[in-house]
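Participant: Handing you this structure, nothing more for now.
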Amino acid sequence: MNKISRKTAVLLAVIFFALPSLAQATCWFHNGWGQLNWSGINYPNIITPPRDSVASYGTPILDTGWQDPGTIYTTVDCSGSWYDWTWAVYNGFDYPLAPGYSGVANVYQTNVPGVGLIINYWNSVNSYPSGDVGRQIQTWANRSGWEVANASDYRLPARFRMRLIKYGPISPGVVNLAGIQARIYYGGGDAARPEGVLAIQLTLPHDVTVTPSTCSLAVPNTTVPLPTIGVNQLPAIGATTGAVPFKINMSCDLNLKVSFQIDGTPYSGMSSTSGVLAPNSGTASGVGLQLLSTLSNSAGLPVAFGTKTLLKSLTIANDQLSIPLIARYYRTGSTVSPGSISSTATLTMFYE
Numbered sequence: 012m013n014k015i016s017r018k019t020a021v022l023l024a025v026i027f028f029a030l031p032s033l034a035q036a037t038c039w040f041h042n043g044w045g046q047l048n049w050s051g052i053n054y055p056n057i058i059t060p061p062r063d064s065v066a067s068y069g070t071p072i073l074d075t076g077w078q079d080p081g082t083i084y085t086t087v088d089c090s091g092s093w094y095d096w097t098w099a100v101y102n103g104f105d106y107p108l109a110p111g112y113s114g115v116a117n118v119y120q121t122n123v124p125g126v127g128l129i130i131n132y133w134n135s136v137n138s139y140p141s142g143d144v145g146r147q148i149q150t151w152a153n154r155s156g157w158e159v160a161n162a163s164d165y166r167l168p169a170r171f172r173m174r175l176i177k178y179g180p181i182s183p184g185v186v187n188l189a190g191i192q193a194r195i196y197y198g199g200g201d202a203a204r205p206e207g208v209l210a211i212q213l214t215l216p217h218d219v220t221v222t223p224s225t226c227s228l229a230v231p232n233t234t235v236p237l238p239t240i241g242v243n244q245l246p247a248i249g250a251t252t253g254a255v256p257f258k259i260n261m262s263c264d265l266n267l268k269v270s271f272q273i274d275g276t277p278y279s280g281m282s283s284t285s286g287v288l289a290p291n292s293g294t295a296s297g298v299g300l301q302l303l304s305t306l307s308n309s310a311g312l313p314v315a316f317g318t319k320t321l322l323k324s325l326t327i328a329n330d331q332l333s334i335p336l337i338a339r340y341y342r343t344g345s346t347v348s349p350g351s352i353s354s355t356a357t358l359t360m361f362y363e
């Protein structure tokens, strides 16, 4: 056991003394150039991410794409190393790492549950990267190995890509991004004591509000007037008349699975699948009001109260949806007394 311990100690010492030889880069601004600060990265103030049933974890819910301030860049010189170490850190951001997903690394949790942040940097003034490449900025000093030994007049753009990534169930809220800085250092040292220079600094300009995907009803409450009928139009129990088709119209967000449920009190002695509502006011007797859905049958099928029904899975934004229904009279008793009648049903929408 003692021999193993001594061999391990010698090996560690060799590794320890080998490291400094790789971190000898010294960098400085080239002939009058200086730190490049940029806060013009463009992204929306409000986003509406897809629901959990549509978007899997690791899905971007905001992607700025690669952006920069145009032809503006800064220039540094470096000497004394095989490598020009790039140090990349978030400043003013102390959230933990979110779970990793295939092809997406260094995602940090934000203050909004389920929403992660990632920022990438690209150091070439002559090209834009394709796909998920570029240096993924981390909250600690991160050494990168671009080989620019004894570089002179090394031009550096402020070229960044910012994404918000779904890493879990998302709650609505405001993602605190304003003022977060991604800093790019050239040289050695660490974020607190850089031996090189702070070359590029991106400052995120504003927060992002996350709102849930929903549908908006065209009319909050729908009243359906039925025609005046004669008692003789309902000759027997189960007879119907006075049918009035109507629709509940709505506009819905993109990538949304929409279902609905109609609830109501069934007429006394009748099942919840009959679609016949108990009256909540009026003087007529022996008659109820029945709701039918024509969603799957043009002739109409009785609404089953308390049953969730899929309306549609949306693939376009602001899709116009309708729930097609019919209201009509339904004879319930052996005798019918004339008078007025009204009933109420409640619509509940479900979004996934």
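Heads up, the sequence shown is in my numbering, so the first residue is 12 and it goes up one at a time.
We put the CB at the ideal spot given by N, CA and C, even for glycine.
Work out the CA separation of Gly69 and Phe257 for me, nearest whole Å.
Facilitator: Each residue's alpha carbon lies about 42 angstroms from the other.
Participant: Expressed to the nearest angstrom, what Euclidean distance is found between the alpha-carbon atoms of Thr9 and Ser224?
Facilitator: Given a span of 12 to 363 for the chain in the structure shown, any question on residue 9 remains unanswerable.
Participant: At 3 residues or longer, what runs of the beta strand (DSSP E) sit wholly inside the region 253-280?
Facilitator: Fully enclosed beta strand (DSSP E) runs of 3 or longer: 268-274.
Participant: Thr359: beta carbon under 7 angstroms from a heavy atom of the ligand GDP?
Facilitator: The ligand content of the structure shown is nil, which means the ligand GDP is not present either.
Participant: Output needed for Gly293: all residues of its chain with C-beta closer than 7 angstroms, excluding positions within five of it in sequence on either side, in chain order.
Facilitator: Once the five neighbours on either side are set aside, the close Cβ partners of Gly293 are Gly350, Ser351, Ile352, Ser353.
Participant: So, are the CB atoms of Ile211 and Arg174 less than 8 angstroms apart?
Facilitator: No, they are not a contact pair.
Participant: Helix, strand or coil, according to DSSP, for Thr214 in the structure here?
Facilitator: Note: Thr214 maps to strand in three-state DSSP.
Participant: Is Gln244 helix, strand or coil when you go by DSSP?
Facilitator: Looking at Gln244 - three-state DSSP - the assignment turns out to be helix.
Participant: Hey, how far is the Cα of Pro168 from the Cα of Ile195?
Facilitator: Those two C-alpha atoms are separated by around 11 angstroms.
Participant: With burial defined as no fewer than 16 other Cβ atoms inside 10 Å of the residue's Cβ, what is the status of Ser138: buried or exposed?
Facilitator: Answer is exposed; the Cβ neighbour count stays below 16.
Participant: Looking only at its chain, what residues have a beta carbon closer than 8 angstroms to the beta carbon of Leu306, apart from the 5 residues adjacent to it on each side?
Facilitator: Around Leu306: Thr320, Leu322, Ile334, Pro335.
Participant: With the cut-off set at 8 angstroms, would you say Tyr340 and Leu237 are in Cβ contact?
Facilitator: Contact flag set, yes.
Participant: Whole angstroms is fine: what's the gap from Leu108's alpha carbon to Val123's?
Facilitator: Cα-Cα distance, rounded: 13 angstroms.
Participant: What is the residue span of the beta strand (DSSP E) that Ser324 lies within?
Facilitator: Where Ser324 is concerned, the enclosing beta strand (DSSP E) stretches over 319-324.
Participant: Using DSSP with H/G/I as helix, E/B as strand and the rest coil, what is Gly45?
Facilitator: Reduced to three states, the DSSP call for Gly45 is coil.
Participant: DSSP on Arg62, reduced to helix/strand/coil?
Facilitator: Arg62: coil per DSSP, three-state reduction.
Participant: Could you tell me which of Val136, Pro183, Gln78, Gly51 sits nearest to Pro61, measuring between CA atoms?
Facilitator: The shortest Cα separation from Pro61 among Val136, Pro183, Gln78, Gly51 belongs to Pro183.
Participant: In or out: Ile248 buried (at least 16 other Cβ within 10 Å) or exposed?
Facilitator: Flag for Ile248 reads exposed.
Participant: Strictly by DSSP, which residues pair up with Asp74?
Facilitator: DSSP lists Arg174 as partners of Asp74.
Participant: Contact check, Thr75 vs Tyr54 under 8 angstroms by CB: the rounded distance?
Facilitator: Confirmed, about 5 angstroms.
Participant: With 16 other CB atoms within 10 Å as the buried threshold, where does Gly127 fall?
Facilitator: By the 10 Å Cβ count, Gly127 comes out buried.
Participant: Identify which residue in Gly51, Gln301, Val221, Val347 has its Cα closest to the Cα of Leu213.
Facilitator: For the residues Gly51, Gln301, Val221, Val347, the minimum Cα distance to Leu213 belongs to Gly51.
Participant: Reducing DSSP to helix, strand and coil, say where Thr343 ends up.
Facilitator: In this structure, Thr343 counts as coil in the three-state DSSP scheme.
Participant: Along the chain, where does the beta strand (DSSP E) that runs through Ala368 open and close?
Facilitator: Any question about residue 368 goes unanswered here, given that the chain covers just 12 to 363.
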